[in-house]
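Visitor:
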Amino acid sequence: MPVARTHCVGLVGVTGRLVEVEADVGPGVAGTHFIGLLDTAISEARGRVRSALINSRFAWPDARVTVSLSPATLPKRGSLFDLAIAIAVLGAAGALPAQRISAPMFLGELGLDGRVRPVRGVLPAALAAAEAGVRTVVVPALNAAEAALVPDLTVVPVATLGELVGWLRSGDLHRLPVVAEAAALSREAEHLAHAEGTPGPDLCDVAGQPMGRKALEVCAAGGHNLWMLGPPGSGKTMLAERLPTLLPPLDQEKALEVSAIHSVAGTLPAGRPLLTRPPFMAPHHSATMAAVVGGGSGGVVRPGAVSLAHRGVLFLDEAPEFATTVLDSLRQPLESGKVTIARAVGAVTFPARFTLVLAANPCPCGLQGTVGHPCRCTPAGRRRYLDRLSGPLLDRVDVKMKIGRATRAELLADRHFVETSATVAERVRLARERAAGRLSGTPWRTNAEVSSSALHRDLRLPDAAMAPLHRGLDVGTLSARGLDRVLRVSWTLADLAGKDRPGQTETSAALALWLGVD
Numbered sequence: 037m038p039v040a041r042t043h044c045v046g047l048v049g050v051t052g053r054l055v056e057v058e059a060d061v062g063p064g065v066a067g068t069h070f071i072g073l074l075d076t077a078i079s080e081a082r083g084r085v086r087s088a089l090i091n092s093r094f095a096w097p098d099a100r101v102t103v104s105l106s107p108a109t110l111p112k113r114g115s116l117f118d119l120a121i122a123i124a125v126l127g128a129a130g131a132l133p134a135q136r137i138s139a140p141m142f143l144g145e146l147g148l149d150g151r152v153r154p155v156r157g158v159l160p161a162a163l164a165a166a167e168a169g170v171r172t173v174v175v176p177a178l179n180a181a182e183a184a185l186v187p188d189l190t191v192v193p194v195a196t197l198g199e200l201v202g203w204l205r206s207g208d209l210h211r212l213p214v215v216a217e218a219a220a221l222s223r224e225a226e227h228l229a230h231a232e233g234t235p236g237p238d239l240c241d242v243a244g245q246p247m248g249r250k251a252l253e254v255c256a257a258g259g260h261n262l263w264m265l266g267p268p269g270s271g272k273t274m275l276a277e278r279l280p281t282l283l284p285p286l287d288q289e290k291a292l293e294v295s296a297i298h299s300v301a302g303t304l305p306a307g308r309p310l311l312t313r314p315p316f317m318a319p320h321h322s323a324t325m326a327a328v329v330g331g332g333s334g335g336v337v338r339p340g341a342v343s344l345a346h347r348g349v350l351f352l353d354e355a356p357e358f359a360t361t362v363l364d365s366l367r368q369p370l371e372s373g374k375v376t377i378a379r380a381v382g383a384v385t386f387p388a389r390f391t392l393v394l395a396a397n398p399c400p401c402g403l404q405g406t407v408g409h410p411c412r413c414t415p416a417g418r419r420r421y422l423d424r425l426s427g428p429l430l431d432r433v434d435v436k437m438k439i440g441r442a443t444r445a446e447l448l449a450d451r452h453f454v455e456t457s458a459t460v461a462e463r464v465r466l467a468r469e470r471a472a473g474r475l476s477g478t479p480w481r482t483n484a485e486v487s488s489s490a491l492h493r494d495l496r497l498p499d500a501a502m503a504p505l506h507r508g509l510d511v512g513t514l515s516a517r518g519l520d521r522v523l524r525v526s527w528t529l530a531d532l533a534g535k536d537r538p539g540q541t542e543t544s545a546a547l548a549l550w551l552g553v554d
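Written out as structure tokens, the structure is:
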């Protein structure tokens, strides 16, 4: 019998690579052999595929069955290869026309009764298939809307192996539902969820913290990192939770990028295959490094909170309570916008360009500086507590802000000046448009992304505007990296003010934000 070939996709991080699945049914001692650098889940597929075929009333070949997944050098993990293996075996056994199974790509896990179960990573797999020139993708019915987000791709949803075989034998697309408008429907559902759903947090809820609200606006406009220091109940968490409401919606390219990461992690919300709003991640302070940065065991590497917060916000509440190793592991993704996880089988890279928000109490008990509640922490205890936030990490935070408890008079007075998230978000949008226009023709879109060389060459400021920063360098309150951070914030302040370039007012204000908690 001839060798039958079909296709699937192997995922390495959030990048998919086309995998050719070959099956050969030939003479020899009856048995099933899988080859091609497989993990345990694929090695166990022989039992799932055999039972699924038999329970779907298809005969399992009484011969030597060899299944090869190539390229052999690519590690293959997960159960998404089940459907492609089953179709290749049926093709090699003569139960399916070989020419009809060679063009489509097949994704899905098989149940023992022949049901096609949903799998993780369908969106990046469909993107990889489209880039490789595949035009038809067969996916589990519950993953169909996710795969249909990829343009110019015919998505065929299947619920059982039996109905898929019936379609492949007849070649009639009308035998199965074909997803044609799922992407548009999913975007409409996303829009309705925001328009008609439960009202989310709004910046106008945070009264008594005008400087905190201004810091959020600056961070949203320029993509800057933020550190808030203040006692419990001062509003740090409320402010952090409202930062995503100030960020503009994700465009189509970024939405697909973010949704692909959540697809691999299995965290896409039900009925919402496309994430159009910037994500917000707030891991507990007991989270491990694998949970925050990414990792896993058994050769399966999953994205962590830094990647799930890609194009959004990562909020670390009670930041000094996190393990020091976890906090310092954030330094590399903050600089590069990606995280690389090395394992014996290879290295996996996940995108991780996020806005970091740190919140901390002034001491372990949180009562230092509060009226009527004396702090009993020792000076050494306070120092050890805040020293968990290392200098190199805080050097990568652009805006530092002290948040105090507001008095009753301050709360009542500030309620006349609070603005809604929509009002502030409009100013953020205009500021980002100014930055994008200035940075057109470069790989950057926000001020926080601009390189050091561009800041001191193409965007160099006059000496009069740089005077406050030169003084900071002379007295040692500003490092070379800090200088770049302050310059980026000064450009954001200029964008918010509608100015063409920062002056001494903006650089002085940016320096004050940099030194805010000293």
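Note that this note's numbering has the sequence shown beginning at 37, numbered continuously upward.
Beta carbons are placed, not taken as given, at the ideal position from N, Cα and C, and that holds for glycine.
1. Using 10 angstroms around the beta-carbon of ALA177, count the other beta-carbons present and answer buried if the total reaches 16, otherwise exposed.
2. Less than 8 Å between the CB atoms is what I'm expecting for ALA66 and VAL39, so what's the real figure, rounded?
3. ALA180 to LEU189, Cα distance in whole Å?
4. Assign GLY331 to one of three DSSP states: helix, strand, or coil.
5. DSSP puts LEU163 in a beta bridge; with which residues?
6. Go ahead and label GLU542 buried or exposed: buried means 16 or more other beta carbons lie within 10 angstroms of its beta carbon, across all protein chains shown.
7. When you compare only the Cα positions, how much space is there between GLY534 and VAL349?
8. Taking 6 Å as the limit between beta carbons, can you name the residues of its chain near THR281, skipping five residues before and five after?
9. Between GLY552 and LYS436, is the Cβ-Cβ spacing less than 8 Å?
10. Report yes if the CB atom of VAL454 is closer than 8 Å to the CB atom of LEU392, and no otherwise.
11. Is the distance from the Cβ of VAL175 to the Cβ of VAL186 below 8 Å?
12. Between which two residues does the alpha helix (DSSP H) carrying ASP60 extend?
13. Can you tell me where the alpha helix (DSSP H) with GLY508 in it begins and where it stops?
14. For a quick check, are the C-beta atoms of VAL464 and ALA257 less than 8 Å apart?
15. Closest to ASN397 by CA distance: which of LEU425, LEU265 and PRO237 is it?
16. Using a Cβ-Cβ cut-off of 6 Å (strictly less than) and excluding sequence neighbours within five positions of LEU105, which residues of its own chain qualify?
17. May I have the straight-line CA-CA distance separating ASP364 from PHE351, to the nearest angstrom?
18. Sorted by chain position, which residues of the same chain lie with C-beta nearer than 6 Å to HIS409's C-beta, five sequence neighbours on each side aside?
19. ALA243 and LEU447 - do their beta-carbons sit closer together than 8 Å?
20. Looking only at its own chain, which residues have a Cβ that is under 8 Å from the Cβ of ASP450, when we skip the five neighbours before and after it?
21. Quick check: the region 518 to 536 against the region 482 to 491, are there 3 or more CB pairs under 8 Å?
22. Are the Cβ atoms of ARG153 and GLY144 separated by less than 8 Å?
23. Could you pull out every residue in the same chain whose Cβ sits closer than 6 Å to the Cβ of ALA108, ignoring the five residues on either side in sequence?
24. Report the start-end ranges of each alpha helix (DSSP H) in the region 435 to 483 that is 4 residues or longer and not cut off at the edges.
25. Tell me, to the nearest whole angstrom, how far the beta carbon of VAL173 is from that of ALA165; I am working on the premise that it is less than 8 Å.
26. Closest to GLY271 by C-alpha separation, out of PRO284, LYS290 and ARG249, would be which residue?
27. Under 8 Å by Cβ, that's how I've got LEU532 and ALA467 pegged, so tell me the actual separation to the nearest angstrom.
28. In the DSSP output, what is PHE142 paired with across the bridge?
29. Classify VAL511 as buried or exposed, calling it buried when 16 or more other Cβ atoms lie within 10 Å of its own Cβ.
30. CB of ALA257 to nearest heavy atom of the ligand PLP: below 7 Å?
31. Can you tell me which of the three DSSP states ALA378 falls into?
32. Out of ARG82, GLU199, ALA355 and GLY83, state which residue places its alpha-carbon closest to the alpha-carbon of ASP423.
33. So which of ALA128, GLY198 and VAL158 has the shortest CA-CA distance to GLY150?
34. What's the gap between the Cα of LEU509 and the Cα of ALA516?
35. So does the region 123 to 135 actually touch the region 84 to 100, counting three or more Cβ pairs closer than 8 Å?
36. Do GLY330 and ILE297 count as a contact pair if the criterion is CB distance below 8 Å?
Guide: In terms of the structure at hand:
1. Locating residue 177 in the sequence shown gives position 141, where the first residue counts as 1. With 16 or more other Cβ atoms within 10 Å, it is buried.
2. The residue labelled residue 66 in the question sits at position 30 within the sequence shown. The residue labelled residue 39 in the question sits at position 3 within the sequence shown. In fact, because the Cβ distance is near 18 Å, the residues do not count as touching under 8 Å.
3. Locating residue 180 in the sequence shown gives position 144, counting from the first residue. Locating residue 189 in the sequence shown gives position 153, counting from the first residue. Going from the Cα of ALA180 to the Cα of LEU189 covers about 11 Å.
4. What you label residue 331 is simply residue 295 of the sequence shown in a count that begins at 1. In this structure, GLY331 counts as strand in the three-state DSSP scheme.
5. The residue given as residue 163 occupies position 127 in the sequence shown. Note: LEU163 sits in no beta bridge, so no partner.
6. Here residue 542 corresponds to residue number 506 of the sequence shown, with the count starting at 1. Burial call: buried.
7. Taking the sequence shown and counting its residues from 1, one reaches residue 534 at position 498. Taking the sequence shown and counting its residues from 1, one reaches residue 349 at position 313. Their Cα atoms are separated by approximately 26 Å.
8. To locate residue 281, count along the sequence shown from 1; it is residue 245. For THR281, where only same-chain residues beyond five positions count, the Cβ hits under 6 Å are SER457.
9. Reading the sequence shown from its first residue, position 516 is the one you call residue 552. Reading the sequence shown from its first residue, position 400 is the one you call residue 436. Yes.
10. Counting from one through the sequence shown, the residue named residue 454 turns up at place 418. Counting from one through the sequence shown, the residue named residue 392 turns up at place 356. No, Cβ-Cβ distance for VAL454 and LEU392 is not below 8 Å.
11. Your numbering for residue 175 matches position 139 in the sequence shown. Your numbering for residue 186 matches position 150 in the sequence shown. Taking C-beta atoms as the reference points, VAL175 and VAL186 fail to come closer than 8 Å.
12. The count along the sequence shown starts at 1 and reaches residue 60 at position 24. Note, ASP60: premise wrong, no alpha helix (DSSP H); beta strand (DSSP E) at 51 to 62.
13. As a working note, residue 508 is residue 472 in the sequence shown. 499 to 511 is the extent of the alpha helix (DSSP H) around GLY508.
14. As a first step, residue 464 is located in the sequence shown; it is residue number 428 there, counting from the start. As a first step, residue 257 is located in the sequence shown; it is residue number 221 there, counting from the start. Their beta carbons are under 8 Å apart, which means VAL464 touches ALA257 by this criterion.
15. Position 361 of the sequence shown, counted from the start, is the residue given in the question as residue 397. Measuring C-alpha to C-alpha distances from ASN397 to each of LEU425, LEU265 and PRO237 identifies LEU265 as the nearest.
16. Along the sequence shown, one-based indexing puts residue 105 at 69. The residues are VAL55, VAL57, GLY72 and LYS112.
17. Mapped onto the sequence shown, residue 364 falls at position 328. Mapped onto the sequence shown, residue 351 falls at position 315. So the alpha carbons of these two residues sit roughly 15 Å apart.
18. On the sequence shown, position 373 is the one that residue 409 refers to. Apart from the 5 residues on each side of it in sequence, HIS409 sits with its Cβ closer than 6 Å to the Cβ of LEU403 in its chain, given in chain order.
19. Taking the sequence shown and counting its residues from 1, the one referred to as residue 447 is at position 411. Taking the sequence shown and counting its residues from 1, the one referred to as residue 243 is at position 207. Yes, Cβ-Cβ distance for LEU447 and ALA243 is below 8 Å.
20. On the sequence shown, residue 450 is found 414 positions in, with the first residue counted as 1. These residues qualify, in order along the chain: ALA243, GLY244, GLN245, PRO246 and ALA442.
21. Yes, they touch.
22. What you label residue 153 is simply residue 117 of the sequence shown in a count that begins at 1. What you label residue 144 is simply residue 108 of the sequence shown in a count that begins at 1. Cβ atoms of ARG153 and GLY144: closer than 8 Å.
23. The count along the sequence shown starts at 1 and reaches residue 108 at position 72. So the qualifying residues of the chain are GLY72 and LEU73.
24. 444 to 450 and 457 to 474
25. Along the sequence shown, one-based indexing puts residue 173 at 137. Along the sequence shown, one-based indexing puts residue 165 at 129. Rounded, the Cβ-Cβ distance is 5 Å, consistent with contact.
26. By 1-based counting over the sequence shown, the position of residue 271 is 235. When PRO284, LYS290 and ARG249 are compared, the shortest CA-CA separation from GLY271 is found for ARG249.
27. Start at 1 with the first residue of the sequence shown, and residue 532 comes out as number 496. Start at 1 with the first residue of the sequence shown, and residue 467 comes out as number 431. Confirmed, Cβ separation roughly 5 Å.
28. Residue mapping note: residue 142 aligns to position 106 of the sequence shown, counting from 1. PHE142 pairs with VAL174.
29. Reading the sequence shown from its first residue, position 475 is the one you call residue 511. Looking at its Cβ environment, which holds fewer than 16 other Cβ atoms inside 10 Å, VAL511 is exposed.
30. Ligands displayed in this structure: none; no statement on the ligand PLP is therefore possible.
31. Counting from one through the sequence shown, the residue named residue 378 turns up at place 342. In this structure, ALA378 counts as strand in the three-state DSSP scheme.
32. Taking the first residue of the sequence shown as position 1, residue 423 is located at position 387. The option with the nearest alpha carbon to ASP423 is ALA355.
33. Along the sequence shown, read from residue 1 onward, the residue named residue 150 stands at position 114. Looking at the Cα atoms, GLY198 is the closest of the given residues.
34. The residue given as residue 509 occupies position 473 in the sequence shown. The residue given as residue 516 occupies position 480 in the sequence shown. Going by the C-alpha atoms only, they are around 8 Å apart.
35. The region 123 to 135 vs the region 84 to 100: in contact.
36. What you label residue 297 is simply residue 261 of the sequence shown in a count that begins at 1. What you label residue 330 is simply residue 294 of the sequence shown in a count that begins at 1. No, the pair does not count as a contact, with Cβ atoms beyond the cut-off.
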